[in-house]
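Chemist: For the record, in the sequence shown the residue sitting at position 123 is 123 according to full-length UniProt numbering, with numbers rising by one throughout.
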Amino acid sequence: MSLSYIVHLANYSNGVLYLLMLLLLIELTVIFDRGWYLRKAIHKGKETLLTVSGHGKLHRDDLKALVDRSAGLPEESLLTVALRYYGMVHHYGSARGEGFSNRLDEAIFLTTPSFDKRLWILDTIVTLAPLLGLFGTILGMFHAFSILAAPGHNPTQVTGGVADALIATASGLFIAMIGLISFNAFNNTIEKIIYQMESLKVVLMNRMDGAPMVNEEPPASGPDPVNPVPEAKPAARAVEAVTSTSTITPQRAAS
Numbered sequence: 001m002s003l004s005y006i007v008h009l010a011n012y013s014n015g016v017l018y019l020l021m022l023l024l025l026i027e028l029t030v031i032f033d034r035g036w037y038l039r040k041a042i043h044k045g046k047e048t049l050l051t052v053s054g055h056g057k058l059h060r061d062d063l064k065a066l067v068d069r070s071a072g073l074p075e076e077s078l079l080t081v082a083l084r085y086y087g088m089v090h091h092y093g094s095a096r097g098e099g100f101s102n103r104l105d106e107a108i109f110l111t112t113p114s115f116d117k118r119l120w121i122l123d124t125i126v127t128l129a130p131l132l133g134l135f136g137t138i139l140g141m142f143h144a145f146s147i148l149a150a151p152g153h154n155p156t157q158v159t160g161g162v163a164d165a166l167i168a169t170a171s172g173l174f175i176a177m178i179g180l181i182s183f184n185a186f187n188n189t190i191e192k193i194i195y196q197m198e199s200l201k202v203v204l205m206n207r208m209d210g211a212p213m214v215n216e217e218p219p220a221s222g223p224d225p226v227n228p229v230p231e232a233k234p235a236a237r238a239v240e241a242v243t244s245t246s247t248i249t250p251q252r253a254a255s
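In structure tokens:
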């Protein structure tokens with residue numbers, strides 16, 4: 001397909017094909033920008049989560065090192081809040097501990113809107129591109145069927161004009177398909193990042209509180225170690241012995 005033919009198709013749609021090319025350029029720019037950021041966020045965030053999970057009790061120096069390592073990542077806001085309010089976590093379960101958890105939730109809520117930044121552009125292009133393509137095809141149809149009204153032209157030329165006019169619709173649908181696939185893929189990645197941040201919040205609370213993880217399963221049989229069966233007291237044993245003796249004596253007398 002030569003450049004002159006592309007110019008012919010664009011002029012045949014009254015310039016609509018030029019607008020579709022501009023939409024494609026904007027769409028690819030947004031895809032590369034968001035794709036690079038979200039891919040970095042999902043992989044680096046997973047590394048941060050695994051690093052925090054492998055720690056024992058987290059201290060201030062550990063949190064400072066984690067904040068430096070997560071610079072530019074969504075997890076940086078969570079780790080910064082954890083470092084700033086480090087003293088509140090030791091009151092977990094009380095009012096101050098709940099306040100620390102609420103501050104971590106607030107950091108997640110404030111960070112989440114940055115994930116879908118400029119994704120509205122993709123959403124708009126997915127809807128607008130097919131409509132623009134259809135509009136360009138309609139304008140091209142006007143040129144194609146105007147041949148019938150002009151004297152001295154072969155009516156078979158209409159089919160070639162219709163084919164050229166349909167290029168605009170095909171281009172609009174192609175642009176919309178690229179945008180739709182990318183938009184859904186980005187939304188799926190954003191959900192995974194939010195889940196990672198929620199997991200990091202829980203891991204931070206556990207590691208900073210210093211409570212050990214419970215991985216062992218309870219025993220399948222045997223006495224309950226938490227609530228053992230109490231042994232009979234000496235007084236109770238004496239009463240049971242007297243009762244059994246008094247029961248046996250009448251039986252012997254009767255025999």
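The beta carbon of each residue, even a glycine, is placed where N, CA and C say it ideally should be.
So, helix, strand or coil for Asp-116, using DSSP?
Modeler: Looking at Asp-116 - three-state DSSP - the assignment turns out to be coil, as it is neither helix nor strand.
Chemist: With three or more C-beta pairs closer than 8 Å as the rule, is the stretch 124-134 touching the stretch 98-115?
Modeler: Too few Cβ pairs lie closer than 8 Å, so no.
Chemist: Consider the Cβ of Glu-191: report whether some Cβ of chain D lies at a distance smaller than 7 Å.
Modeler: Considering every chain present, this structure includes no chain D. It has just one protein chain.
Chemist: For Ala-235, count neighbouring C-beta atoms within 10 Å of its own C-beta (all shown protein chains included) and say buried if the count is 16 or more, exposed if not.
Modeler: The predicted model places Ala-235 with a pLDDT of 49, which falls under 50 and marks its position as unreliable; any figure quoted below should be read in that light. Exposed, since its Cβ has fewer than 16 Cβ neighbours within 10 Å.
Chemist: If Thr-51 sits next to Leu-200, beta carbons under 8 Å apart, how far is it from one beta carbon to the other, in whole angstroms?
Modeler: Between Leu-200 and Thr-51 the Cβ distance is about 10 Å, and since that is not below 8 Å, they are no contact.
Chemist: Alpha carbon to alpha carbon, how far is Val-67 from Ile-167?
Modeler: Using only the alpha carbons, I get a separation of about 52 Å.
Chemist: Out of curiosity, what's the CA-to-CA distance linking Asn-184 and Val-30?
Modeler: Going by the C-alpha atoms only, they are around 14 Å apart.
Chemist: Helix, strand or coil for Ala-71 per DSSP?
Modeler: Ala-71 falls in the coil class under three-state DSSP.
Chemist: On the CB-based measure, 16 or more other CB atoms within 10 Å of its CB, does Leu-22 come out buried or exposed?
Modeler: Per the 10 Å Cβ criterion, exposed.
Chemist: Would you identify the three-state DSSP class for Tyr-18, choosing helix, strand or coil?
Modeler: Here Tyr-18 sits in helix by DSSP.
Chemist: Ser-114 and Leu-20 - do their beta-carbons sit closer together than 7 Å?
Modeler: In this structure, Ser-114 does not lie closer than 7 Å to Leu-20 by Cβ.
Chemist: If you draw a straight line from the alpha carbon of Phe-135 to that of Leu-180, how long is it in whole angstroms?
Modeler: If I take the Cα positions, the gap works out to 20 Å.
Chemist: With 16 as the cutoff for other CB atoms within 10 Å, does Gly-56 come out buried or exposed?
Modeler: Gly-56 is exposed by the Cβ-count criterion.
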